[in-house]
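Take a look at the structure below.
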Amino acid sequence: AEAAAEAACSTASRREADRRAAACERDVARAAAERADAEVAARGASFEEEAARLQAEHMRLSAEVARGAEVAKEAQAAASEALAKLRLKAEGAEAAERLPAQLTAQ
10 AEAAAEAACS
20 TASRREADRR
30 AAACERDVAR
40 AAAERADAEV
50 AARGASFEEE
60 AARLQAEHMR
70 LSAEVARGAE
80 VAKEAQAAAS
90 EALAKLRLKA
100 EGAEAAERLP
110 AQLTAQ
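The sequence shown begins at 10 in our numbering and counts up one residue at a time.
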């Protein structure tokens, strides 16, 4: 009877130990899953921050390109105006050269 009682106690102790070990393994697995979820969330937030930063940089560069195009357009208009003035000066110089000959011919 004593041996049977010891065997029953030993079996009960093993079952309790197995139950505790399984509970511990579940806790470890749950903690690992929570840590993985937190890492994924942190990476997602990091990617979102990087995407927002890149979008802001894209907008800044687009505005810079637009300003550059406007400056180039203004520079082209100024160059066209300067060329027109040079043509007028050249025409005036040619007319001034012809003037003495025209005056003497009259």
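For every residue, glycine included, the Cβ atom is placed at its ideal position computed from N, Cα and C.
(request) Whole angstroms is fine: what's the gap from GLU90's alpha carbon to THR113's? (result) Residue 90 sits at position 81 when you count from the first residue of the sequence shown. Residue 113 sits at position 104 when you count from the first residue of the sequence shown. Each residue's alpha carbon lies about 35 Å from the other.
(message) Just verifying my parser: in three-state terms, what is the DSSP assignment at ALA50?
(response) Translated into the one-based positions of the sequence shown, residue 50 becomes position 41. ALA50 falls in the helix class under three-state DSSP.
(request) Specify the secondary structure class of GLN115 as computed by DSSP and reduced to three states. (result) Translated into the one-based positions of the sequence shown, residue 115 becomes position 106. Reduced to three states, the DSSP call for GLN115 is coil.
(request) Note down, in chain order, each residue of its chain lying with its Cβ closer than 6 Å to the Cβ of GLU59, except the 5 sequence neighbours on either side. (result) Mapped onto the sequence shown, residue 59 falls at position 50. If we look at GLU59 and ignore the five residues flanking it on each side, it has no Cβ neighbours.
(request) Please classify ALA32: does DSSP put it in a helix, a strand, or coil? (result) Walking along the sequence shown from the start, residue 32 turns up at place 23. If DSSP states are grouped into helix, strand and coil, ALA32 belongs with the helices.
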